[in-house]
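*Asks:*
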């Protein structure tokens, strides 16, 4: 049986496979390509990785912080203890 973690992210269920890493001796999460194969919450908001490049609609959390990735955007809602989160910008919402 393949190891995996299941998360409930704002009503969406995600099962993320785990792969054993020889160097660290730990199982690591293998995230899918959310840009190539988007997954949405029931409300239509896309689930993203914190480290994805910021999109054209992104805005800094605080002035002067810079906008590098989803994690630095004020519309991004991170999911605790993971690299997952939800983009809350209405223009990225699935109709």
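Residue numbers (our numbering): 61 to 155. Note that beta-carbon positions come from the ideal geometry of N, C-alpha and C, so glycine has one too. For clarity, every value in this text was computed on a predicted model and none was experimentally measured.
Candidates 149, 151 and 144: which alpha carbon is nearest residue 93's?
*Replies:* Among 149, 151 and 144, the Cα nearest to that of residue 93 belongs to 144.
*Asks:* Where are the beta strand (DSSP E) runs, 3 residues long or more, that stay fully inside the stretch 110 to 134, in chain order?
*Replies:* Counting whole runs of 3 or more residues, the stretch 110 to 134 contains no beta strand (DSSP E) stretch at all.
*Asks:* With DSSP collapsed to three states, give me the class of residue 137.
*Replies:* Strand, per DSSP.
*Asks:* Please report the straight-line C-alpha distance between residue 99 and residue 90, rounded to a whole angstrom.
*Replies:* Cα to Cα, residue 99 sits roughly 15 Å from residue 90.
*Asks:* Go ahead and label residue 118 buried or exposed: buried means 16 or more other beta carbons lie within 10 angstroms of its beta carbon, across all protein chains shown.
*Replies:* Buried, by the Cβ-count rule.
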